[in-house]
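Remarks on the structure that follows.
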Amino acid sequence: MSPHQTTNNYRELFVGVDAQVPTLSGEQCTYVSLDNAASTPALKAVQTAVDNFLPYYSSVHRGTGFKSQLSTRAYEDARNTVMAFVGANPAEHTCIFGKNTTEAINKLARRFPFTEQRNVVITSGMEHHSNDLPWRGAAHTVHVGLTPDGCLDEEDFDSQLERHKGSLALVAITGASNVTGYLNPIYRLAEKTHAVGAQILVDCAQMAPHRAVDMRSIEDPSHLDYITISAHKMYAPFGTGALVGRRDTFGRGDPDQQGGGTVEIVTLDEVVWAGPPDRDEAGSPNTVGAVALAAAIKQLEKVRMENVANHEAELTAYALSRLPEVPGLRLYGDKDPANAHKRLGVIPLEIDHMPHFKVAAILGHEYGIGVRSGCFCAHPYILHLLDLTPDQSERAREHVLAGDKSELPGLIRASFGLYNTFEDVDALVEALHRISRAEYHGEYVQDRATGEYIPEGWAPNFEEYFSSA
Ligand SMILES: Cc1ncc(COP(=O)(O)O)c(C=O)c1O
């Protein structure tokens, strides 16, 4: 059997993967979704769970009716499902539902018990802005350096740890990069972090949909103190995320958001906060989102995370072996197909002399292929990978501040999910071949304010495909 044919049936598990979309030529084609590092399509199991739940949906926690009790149970069951999925232990950890990873990390930044002695956070130069900016506002933040091809420089990590060991409160590191797909050695970093008396957060937004996460007991030196996930990257796009972390942290201090649900009792003179997780879930929660996330997790568990990882590694190895055939195409990060199982299927690339915004636009408008281009909310990492000189970076900064993103440095990113196939890789490679030979039909005009390219005289009629009316 040729490796070009997909033999599993994972694709059947998903909603909308055979959707037809319009192209500039007037033809329709099956959409090829290669933007899974941003958001993933829904699993059918998620759609079914939400459909089955909605007739019984009602208020949670304090409602006395049958539907309220059922909804409360579904919400709390979802919490247990998330905790079991990441190896958390209810005696040591709590799971706080929120909107997404960004909200979760911001919450931890506000709730972490920094002290005068321990007020340093070590993060890295490869982080998504969501695991960098919240720390800059909350503590003295140190960025660990990177190797030239964008891996975490573990020697620098060790020396920063040594330098800050007396004042280090927290290491905040990504489990996997949303730009290069690199997986960090999180359990080893956790051991080193705990050895100097600090705690560790692993941003699992990117890792959790593709690799098993195991928080381990806090007795184990390699445990993870906090992790975050985003359901829209895990095939459950209903607006939920979770922060799973130490009960002792969330059992003390004032909640960052205060209001309904966060208290034991309130008088005009006194407020007694509830225990975790209620203290940190102010207001009415997103019950449907939690039910959806739990359904996605159960489906992923049925598939098994080893199978998810193996399938995506095969796609990645195949893509890394085929993409260099495209004239003028440059890959970033680890280019070796033999290492595909050691990283995620997130592949950054560019085509010589062609703006990344333009290549991405042509892929979308003419080939029905969805990728992403730009900096992927990781500006420092992209500047590092592109090896820009300080002058080039400064020029880019000035242009952006002047309202002109037309020359914004960046890359194109193709990222795989469980439902992608070898045929999807072939479609991408074939389209990039044609683009590299200037075989495209639109006259593309750039909007300098956004940097994006639009084909002149053509726009899809979205109403034909979806309208909320
Ligand atoms: C590694 C990483 N961290 C954090 C985030 C932020 O996730 P969200 O937008 O769901 O808050 C992302 C999103 O792409 C990510 O890839």
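At position 301 of the sequence shown (counting the first as 1) the number is 1753 in my numbering, and the numbers step up by one without a gap. Idealized CB from N, CA, C, for every residue including glycine. None of the values given here were measured: they were computed from a predicted structure.
Compute the Euclidean distance between the alpha carbons of S1825 and P1565, then round it to the nearest angstrom.
If I take the Cα positions, the gap works out to 38 angstroms.
Note down the Cα distance separating L1853 from A1901, rounded to an integer number of angstroms.
Each residue's alpha carbon lies about 10 angstroms from the other.
Return yes when the C-beta of A1657 is under 7 angstroms from any heavy atom of ligand 1, and no when it is not.
Because some heavy atom of ligand 1 lies under 7 angstroms away, the Cβ of A1657 counts as near it: yes.
For G1693, which of helix, strand or coil comes out of DSSP?
DSSP places G1693 in strand when its eight states are reduced to three.
In the DSSP assignment, find the unbroken alpha helix (DSSP H) run with F1868 in it and report its ends.
F1868 -> no alpha helix (DSSP H), and no H or E assigned at all.
Residues bridged to V1723 by DSSP?
Paired residues: V1718.
Could you name the residues that DSSP lists as bridge partners for E1802?
The partner list for E1802 (beta bridge, DSSP) reads R1782.
Can you say whether E1555 is buried or exposed, counting buried as having 16 or more other CB atoms within 10 angstroms of its CB?
Label assigned to E1555: buried.
Can you give me the C-alpha to C-alpha distance between N1571 and S1674, rounded to a whole angstrom?
N1571 and S1674: Cα-Cα distance of roughly 22 angstroms.
Strictly by DSSP, which residues pair up with C1481?
Answer by DSSP bridge pairing, in chain order: V1473.
Output the boundary residues of the beta strand (DSSP E) element that contains L1653.
Here the beta strand (DSSP E) through L1653 covers Q1651 to D1655.
Can you give the Cα-Cα distance for K1750 and V1573, rounded to whole angstroms?
Taking the straight line joining both Cα atoms gives about 34 angstroms.
According to DSSP, is F1564 part of a helix, a strand, or is it coil?
Of the three classes helix, strand and coil, the one that applies to F1564 here is coil, per DSSP.
Can you tell me where the beta strand (DSSP E) with L1681 in it begins and where it stops?
Sequence inspection shows Ile at residue 1681; the Leu mentioned does not correspond to that position. Its beta strand (DSSP E) spans residues Y1678 to S1682.
Counting only the same chain and skipping the five closest in sequence on each side, list residues whose C-beta sits under 7 angstroms from that of M1453.
For M1453, the predicted model reports a pLDDT of 43, less than 50, meaning its position is unreliable and no value from the coordinates is stated.
Relative to the C-alpha of A1812, which residue among D1839, L1585 and L1880 is closest?
The residue with the shortest Cα to Cα distance from A1812 is L1880.
Would you mind reading off the limits of the beta strand (DSSP E) that contains S1576?
Unbroken beta strand (DSSP E) run through S1576: V1572 to S1576.
Please classify L1796: does DSSP put it in a helix, a strand, or coil?
Here L1796 sits in coil by DSSP.
Kindly list the residues whose CB is nearer than 7 angstroms to the CB of G1727, restricted to its own chain and excluding five residues on each side of it in sequence; keep chain order.
Closer than 7 angstroms at the Cβ level, and outside the excluded window around G1727, lie G1703.
Of the choices A1747, D1788 and K1551, whose alpha-carbon is the least far from that of K1496?
Residue A1747 is the option with its Cα nearest to K1496.
Taking one C-beta from the segment 1502-1509 and one from the segment 1732-1740 each time, how about it: are there three or more such pairs within less than 8 angstroms?
They touch, by the three-pair rule.
Quick one, which of Y1833, P1832 and E1671 has its alpha-carbon nearest N1959's?
There is no way to answer for residue 1959, as the model of the chain reaches only from 1453 to 1921.
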